[in-house]
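Colleague: The sequence shown lines up with residues 3 to 548 when you count with the working numbering.
Structure below; questions to follow.
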Amino acid sequence: MSTQDELNLDKEGEGMDWQSLLKPKKTIQIAVSGGVHVTALELRIIDTADFQRLRRIRQLGTACIVYPTALHTRFDHSLGTLHMAQRMVDAIRGNSHSLPKERHIPLQDEVLVRLYALLHDVPHIPFGHSLEDELGVFERHDKNPARLARFLGPESEIGQIIVEELGQAFLTRLMGIYCWDEKTSADSVEPQDVYIYDIVSNTACADLLDYIQRDDYFCNLGIQLEYHFLKYLHAPTDPSTGRRRVAIKLSKTNNEPRRDILSDLSRLLEARYLLAERVYFHHAKLITAAMLGRALQEALLCKELSESDLYDHSDETLLYSLRKSKSEIAQRLASGLIERRLYKRASQITQRHFEVVCHRDQGRQPIEVAMQKVGEDAARRRELENDWAEMIAVEPGEVLIYAPSRNMNRKAAQMQVLWEGRYKPLSEIYDPVITPKLEATVAGHEYLWAINILVAPGVPLEKRYLLGEIAETEFVRPVEEVEYKTRKLYKDILEQEFKRRKVGEMEPSLFEEKLEAAVGDLMVQQHGGKKSFKERKEGVIRKHFS
Numbered sequence: 003m004s005t006q007d008e009l010n011l012d013k014e015g016e017g018m019d020w021q022s023l024l025k026p027k028k029t030i031q032i033a034v035s036g037g038v039h040v041t042a043l044e045l046r047i048i049d050t051a052d053f054q055r056l057r058r059i060r061q062l063g064t065a066c067i068v069y070p071t072a073l074h075t076r077f078d079h080s081l082g083t084l085h086m087a088q089r090m091v092d093a094i095r096g097n098s099h100s101l102p103k104e105r106h107i108p109l110q111d112e113v114l115v116r117l118y119a120l121l122h123d124v125p126h127i128p129f130g131h132s133l134e135d136e137l138g139v140f141e142r143h144d145k146n147p148a149r150l151a152r153f154l155g156p157e158s159e160i161g162q163i164i165v166e167e168l169g170q171a172f173l174t175r176l177m178g179i180y181c182w183d184e185k186t187s188a189d190s191v192e193p194q195d196v197y198i199y200d201i202v203s204n205t206a207c208a209d210l211l212d213y214i215q216r217d218d219y220f221c222n223l224g225i226q227l228e229y230h231f232l233k234y235l236h237a238p239t240d241p242s243t244g245r246r247r248v249a250i251k252l253s254k255t256n257n258e259p260r261r262d263i264l265s266d267l268s269r270l271l272e273a274r275y276l277l278a279e280r281v282y283f284h285h286a287k288l289i290t291a292a293m294l295g296r297a298l299q300e301a302l303l304c305k306e307l308s309e310s311d312l313y314d315h316s317d318e319t320l321l322y323s324l325r326k327s328k329s330e331i332a333q334r335l336a337s338g339l340i341e342r343r344l345y346k347r348a349s350q351i352t353q354r355h356f357e358v359v360c361h362r363d364q365g366r367q368p369i370e371v372a373m374q375k376v377g378e379d380a381a382r383r384r385e386l387e388n389d390w391a392e393m394i395a396v397e398p399g400e401v402l403i404y405a406p407s408r409n410m411n412r413k414a415a416q417m418q419v420l421w422e423g424r425y426k427p428l429s430e431i432y433d434p435v436i437t438p439k440l441e442a443t444v445a446g447h448e449y450l451w452a453i454n455i456l457v458a459p460g461v462p463l464e465k466r467y468l469l470g471e472i473a474e475t476e477f478v479r480p481v482e483e484v485e486y487k488t489r490k491l492y493k494d495i496l497e498q499e500f501k502r503r504k505v506g507e508m509e510p511s512l513f514e515e516k517l518e519a520a521v522g523d524l525m526v527q528q529h530g531g532k533k534s535f536k537e538r539k540e541g542v543i544r545k546h547f548s
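And the structure:
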């Protein structure tokens, strides 16, 4: 924030009746949270078309295909996050174990916390987490400048309301907090405003605390958490950075551990793991996400959809739009999702597979190499899917790869705590009882991650097996076996191709000679140029068998 912005904010805030701005105007009843009090300003924002669209975007995307009642929306969650953020503000103010300056939250900051909580998901598109965080088809909703400007900028409907009621400098301050990232945008927000980001979006934050309870309730998992640790929240200033942060006091005045709060946080992490295991990483949910992502990619390539078009879509209208796509692949995949004809898992490359490779081939970094191929670039992943489909002689789009970020679902263990007189992430404390539980939970998240290779329902078992061999050779074969396995795969693929094409009779020794030469050419070409496998294969067939 510039000096001029600060001056403007001071000037605009001087005559503002912040107490009146926080006066409840209406109570909205929702599951899990109960009655959520909203102010007149918040009600104006809730009644905008851009906020109301969140009613039509499910919080868990395609998870309802596994859990039929997981139909709660980002609208519900946004109200729940507002409710939870207010609980956290009240808890910080009411913490008698803190210094007065650690529990002081100005009314102006409370208005800002509530607006940020209410609006934290407004730029979401249908199936946003799948399309952004898991598949990388689009940039994240909160890191996408064009989308943020569209929904929250000064020309947006919501932005205009905020400017009208609170001034331009207040909106600038809100946007700075919204875009803040400790690693990449440390200077985009004033040091004393960082705690506002922490309350809503960091680790043990209002966003996470609401969606854990909400997802648990609507998936009927029976976890039922109570957040007793909220009583020990405080907002100190970190002397090393000058930033005000939110932390949890885990020690009494004499540094004796508060074991009840430690257990509470440990149970929170365990609950987060259970949700990941049973919902977020459920194999059917991953399959539906991969199908959706590829269908959308095809529609984007046809130029019948753009990212901005999704701003007007709900979950259902997007699926039915894809079902009517000009792309046959998009049509087929969207129809499969609507009618629950899901792809099958042909192979899964897990964390343990990669660990074996690292142990066996010292210095090799197979996960990083694999993720460069299938996890970071949606277009590159699509090319590999098409290559593998060609290798096993199925149609494009009948092979899909799901490879989410390895950082998904891990940040909860990084919540800041005051432990033995020092602030540190929860994952770095040592306690003989709790530390083993925390380490096991964090490790459990790592072992949920995998690269999944998927095929259309009608693909026969022998082709699924071949696809599994291709995937293992690509990612986790021992170095000394890769060349041999690749040659064998290419030979099997060419022999199947000749059988399919019913190539005429040829003297066996000559056929074998030509086949080996063709395989050799494919081996030479496999890492060079931009040609697809189909183009390389057709080239060697023309060269040696025409």
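Virtual Cβ for every residue (Gly too), placed ideally from N, Cα, C.
1. Let's see if you can read the secondary structure: which residues bound the beta strand (DSSP E) around Asn388?
2. Identify the residues that DSSP records as bridge partners of Val396: which are they?
3. Would you call Gln54 buried or exposed, if buried means 16 or more other Cβ atoms sit within 10 Å of its Cβ?
4. Please state whether DSSP places Lys328 in a helix, a strand or coil.
5. Going by alpha carbons, who is nearest to Phe231 out of Ile225, Leu252, Gly224, Arg245?
6. Select from Ser316, Gly244, Val165, Glu134 the residue whose C-alpha is nearest the C-alpha of Arg296.
7. Within this structure, are the beta carbons of Ser35 and Leu81 separated by less than 8 angstroms?
8. When the Cα of Tyr322 is compared with those of Leu294, Cys304, Glu309, which residue comes out closest?
9. With distances taken Cα to Cα, identify the nearest neighbour of Asp123 among Pro368, Cys181, Arg354, Glu422.
10. For the 8 angstroms Cβ check, are there 3 or more pairs between the segment 453 to 472 and the segment 256 to 276?
11. Report yes if the C-beta distance between Val91 and Val68 is below 8 angstroms; otherwise report no.
12. Counting along the chain, where does the beta strand (DSSP E) carrying Leu420 start and finish?
13. Closer than 8 angstroms by C-beta to Glu385: which residues in its own chain qualify, once you throw out the five before and the five after it? Chain order, please.
14. Just the Cα atoms here: how many angstroms apart are Glu515 and Ala65?
15. Should Arg149 and Pro128 be called a contact, given that it needs their Cβ atoms to be closer than 8 angstroms?
16. In whole angstroms, give me the CA-to-CA distance for Glu157 and Ile164.
17. Under 8 angstroms by Cβ, that's how I've got Val478 and His355 pegged, so tell me the actual separation to the nearest angstrom.
18. With Arg58 and Ser316 assumed to form a contact (beta carbons below 8 angstroms), what rounded beta-carbon distance in angstroms separates them?
19. Taking the C-alpha atoms as reference points, what is the distance between Lys328 and Gln299?
20. Hey, quick one: how far does the beta strand (DSSP E) through Leu456 stretch, first residue to last?
21. Comparing alpha-carbon positions, which option in Asp389, Glu499, Gln88, Gly522 lies nearest Glu485?
22. Taking 8 angstroms as the threshold (C-beta atoms), are Gly161 and Leu154 in contact?
23. Can you give, in chain order, each stretch of the alpha helix (DSSP H) that sits fully within the segment 280 to 316 and has at least 4 residues?
24. Per the DSSP calculation, His236 is bridged to which residue(s)?
25. With DSSP run on the structure shown, which of helix, strand or coil describes Ser349?
Modeller: The short version:
1. The residue you call residue 388 lines up with position 386 of the sequence shown. Careful: Asn388 lies outside any beta strand (DSSP E), inside the alpha helix (DSSP H) at 380 to 393.
2. Within the sequence shown, numbered from 1, the residue matching residue 396 stands at position 394. In DSSP, Val396 forms no bridge with anything.
3. Position 52 of the sequence shown, counted from the first residue, corresponds to residue 54. Result: exposed.
4. Here residue 328 is taken as the residue at index 326 of the sequence shown, counted from 1. Three-state result, Lys328: coil.
5. Taking the first residue of the sequence shown as 1, we reach residue 231 at position 229. Cα-wise, what sits closest to Phe231 is Leu252.
6. Counted from its first residue, the sequence shown places residue 296 at position 294. Taking Arg296 as reference, the option from Ser316, Gly244, Val165, Glu134 with the minimal CA-CA separation is Glu134.
7. Residue mapping note: residue 35 aligns to position 33 of the sequence shown, counting from 1. Residue mapping note: residue 81 aligns to position 79 of the sequence shown, counting from 1. Yes, these two residues count as a Cβ contact at 8 angstroms.
8. Your numbering for residue 322 matches position 320 in the sequence shown. Out of Leu294, Cys304, Glu309, Leu294 has the C-alpha closest to the C-alpha of Tyr322.
9. Residue numbering aside, residue 123 sits at position 121 when the sequence shown is read from its first letter. Of Pro368, Cys181, Arg354, Glu422, the smallest CA-CA separation from Asp123 is found for Cys181.
10. As far as the Cβ criterion goes, the segment 453 to 472 does not touch the segment 256 to 276, which means the pair count is below three.
11. Position 89 of the sequence shown holds residue 91. Position 66 of the sequence shown holds residue 68. Result no, Cβ atoms of Val91 and Val68 do not sit closer than 8 angstroms.
12. Within the sequence shown, the letter at position 418 stands for residue 420. Per DSSP, Leu420 is one residue of the beta strand (DSSP E) stretching across 418 to 421.
13. Start at 1 with the first residue of the sequence shown, and residue 385 comes out as number 383. The answer, listed in chain order, is Ser534.
14. Numbered from its first residue, the sequence shown carries residue 515 at position 513. Numbered from its first residue, the sequence shown carries residue 65 at position 63. Between the alpha carbons of Glu515 and Ala65 lies a gap of roughly 52 angstroms.
15. Within the sequence shown, the letter at position 147 stands for residue 149. Within the sequence shown, the letter at position 126 stands for residue 128. Result no, Cβ atoms of Arg149 and Pro128 do not sit closer than 8 angstroms.
16. Here the question's residue 157 lines up with position 155 in the sequence shown. Here the question's residue 164 lines up with position 162 in the sequence shown. Between the C-alpha atoms of Glu157 and Ile164 there is a straight-line separation of about 11 angstroms.
17. Position 476 of the sequence shown, counted from the start, is the residue given in the question as residue 478. Position 353 of the sequence shown, counted from the start, is the residue given in the question as residue 355. So it is a contact: roughly 5 angstroms between Cβ atoms.
18. For the purposes of this step, residue 58 is taken as the residue at position 56 of the sequence shown. For the purposes of this step, residue 316 is taken as the residue at position 314 of the sequence shown. That belief holds up - the Cβ atoms of Arg58 and Ser316 are roughly 3 angstroms apart, short of 8 angstroms.
19. Working through the sequence shown from its first residue, we reach residue 328 at position 326. Working through the sequence shown from its first residue, we reach residue 299 at position 297. Straight-line spacing of the CA atoms in Lys328 and Gln299 works out to 12 angstroms.
20. Here residue 456 refers to the residue found at position 454 of the sequence shown. Looking at the DSSP string, the run of the beta strand (DSSP E) that includes Leu456 is 452 to 457.
21. As a working mapping, residue 485 is identified with position 483 in the sequence shown. With distances taken between Cα atoms, Glu485 lies closest to Gly522.
22. Working through the sequence shown from its first residue, we reach residue 154 at position 152. Working through the sequence shown from its first residue, we reach residue 161 at position 159. Going by C-beta atoms, Leu154 is nearer than 8 angstroms to Gly161.
23. You should have 285 to 303.
24. Translated into positions along the sequence shown, residue 236 becomes position 234. Beta-bridge annotation (DSSP): His236 is paired with Ala249.
25. Position 347 of the sequence shown holds residue 349. The answer is strand: DSSP assigns Ser349 an E or B state.
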